[in-house]
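Written below as structure tokens is the structure these notes are about.
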Amino acid sequence: MHLLIVEDEAKTRAYLTKGFLEAGFSVDAACDAEDARHHLVGTRFDLLICDVMLPGEDGWSFVRSLRQGGLQIPVLFLTARESVHDRVAGFDAGGDDYLIKPFAFAELLARVRALLRRRGEMVPLTLHAADLTIDPVRRSVRRGADELHLTNLEFSLLVMLVERKGEALSRTEIAERVWDLNFDTGTNVVDVAIRRLRQKIDDPYPVKLIQTVRGVGYILRDP
Ligand code: CA
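What follows is the structure in structure tokens.
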């Protein structure tokens with residue numbers, strides 16, 4: 001992942017560059033909009049981090065012009081300003097996120113990763129098992145021509161089973177993934193949730209997808 005950082009304060013620029021290099025990114029750093037334009041020629045970046053208060057052209061104007069020129073990568077603004085108006089202006093200019101100075105590097109890193117991940121999710125992806133189709137972006141589930149309505153929990157559970165179809169999953173593993181909990185298999189929470197899910201995706205249909213693995217948990221089979 002290749003970042004372009006535009007920041008006029010030398011100390012902050014060096015600190016950010018070092019931090020992202022240590023986190024495994026490639027980094028180009030520019031001191032103002034004009035310098036940044038030179039970096040953008042002929043190089044493909046994955047994300048732009050841009051200070052708002054720059055000498056000469058400010059960060060908003062710079063990003064707005066890049067957007068008008070067709071730049072599509074995520075942009076995160078660094079701003080010393082705190083008013084609602086200024087935050088809105090950043091989004092209007094084509095920013096995807098902002099962080100108010102001073103900030104913790106860990107937060108900036110987390111936001112950058114989230115922006116890059118979100119972009120990755122734009123790629124259409126559907127999951128299949130037999131005549132079951134899941135669209136995780138639209139959060140829709142179909143079996144054949146039927147649109148099925150699942151709760152968020154049932155949806156997460158089904159996605160896990162389909163992503164790992166053919167694999168026996170223990171109740172503990174399911175509980176940890178779906179409920180983000182760490183608990184023993186003494187509880188029947190998983191069994192109750194599976195029963196509800198089966199009522200929707202299996203009971204009305206001749207071919208059953210979810211099967212019980214005695215003494216272990218559950219498996220989703222693609223016949
Ligand atoms: Ca500045």
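Residue numbers (this note's numbering): 1 to 223. Cβ coordinates follow ideal geometry from the N, Cα and C atoms, glycine included. On a predicted model such as this, the values are computed, not experimentally measured, just so you know.
When DSSP builds the beta bridges, which residues end up paired with residue i?
i      : result
Cys50  : Val6, Phe77
Glu147 : Arg142
Ala29  : Ile5
Ser170 : Gly217
Thr212 : Tyr218
Within its chain, find whatever has a CB closer than 7 Å to the CB of residue i; leave out the 5 residues flanking it on each side and keep chain order.
i      : result
Asp86  : Thr79
Thr151 : none
Asp135 : Thr126
Gly56  : Asp32, Ala33, Glu34
Phe77  : Cys50, Val52, Gly59, Gly90, Gly95, Tyr98
Pro223 : Ala130, Val207
Comparing alpha-carbon positions, which option in the options lies nearest residue i?
i      : options                      : result
Leu99  : Pro204, Asp58, Val52, Val213 : Val52
Ala229 : Ser61, Cys31, Asp131         : Because the chain here runs from 1 to 223, residue 229 falls outside it and cannot be looked at.
Arg67  : Val88, Asp96, Phe105, Val141 : Asp96
Leu148 : Val192, Arg164, Asp202       : Asp202
Ala130 : Gln72, Leu115, Lys165, Gly24 : Lys165
Ala14  : Gly56, Ile73, Phe105, Thr43  : Phe105
Val41  : Gly69, Val75, Arg177, Leu21  : Gly69
Leu115 : Val88, Arg177, Val75         : Val75
For the alpha helix (DSSP H) that contains residue i, what are its first and last residues?
i      : result
Leu161 : 152-163
Ala193 : 189-201
Leu132 : No alpha helix (DSSP H) contains Leu132, which is instead part of the beta strand (DSSP E) from 132-135.
Leu127 : Run containing Leu127: none in the alpha helix (DSSP H); it sits in the beta strand (DSSP E), 127-129.
Leu99  : First-last for Leu99: 97-100, but that is the beta strand (DSSP E), not the alpha helix (DSSP H).
Leu71  : No alpha helix (DSSP H) contains Leu71, which DSSP labels as neither H nor E.
How long is the line joining the alpha carbons of residue i and residue j, rounded to whole angstroms?
i      : j      : result
His2   : Gly59  : 19 Å
Pro102 : Asp46  : 24 Å
Gln199 : Tyr205 : 10 Å
Ser156 : Val6   : 39 Å
His38  : Leu54  : 16 Å
Arg118 : Lys208 : 34 Å
Ala33  : Leu16  : 17 Å
Arg64  : Leu108 : 22 Å
Gly217 : Ser170 : 4 Å
Arg111 : Gly215 : 42 Å
Val194 : Ala145 : The residue you asked about is not Val; residue 194 is Ile in the sequence shown. Cα-Cα distance, rounded: 22 Å.
Arg113 : Gly19  : 13 Å
Arg221 : Glu176 : 21 Å
Ile73  : Arg44  : 9 Å
Ser26  : Glu163 : 32 Å
What residue range is occupied by the uninterrupted beta strand (DSSP E) comprising residue i?
i     : result
Ala89 : Note, Ala89: premise wrong, no beta strand (DSSP E); alpha helix (DSSP H) at 84-92.
For residue i, which residues in the same chain have their Cβ closer than 6 Å to its Cβ, ignoring the five residues on either side in sequence?
i      : result
Ile219 : Ala168, Gln211, Val213
Pro124 : The pLDDT assigned to Pro124 is 44, lower than 50, so where the model puts this residue is not dependable, and the model offers no usable value.
Arg142 : Thr133
Asp28  : Leu4, His39
Take residue i and list the residues in its own chain whose beta-carbon comes closer than 8 Å to its own, dropping the five residues that flank it on each side.
i      : result
Leu197 : Leu150, Glu154, Leu157, Leu158, Ile210
Arg139 : Phe155
Ser61  : Ala33, Ala93
Ala23  : Leu109
Compute every distance between the C-beta of residue i and the non-hydrogen atoms of ligand 3, then say whether any falls below 7 Å.
i      : result
Asp135 : Looking at this structure, you won't find ligand 3 anywhere; what it does contain is ligand 1.
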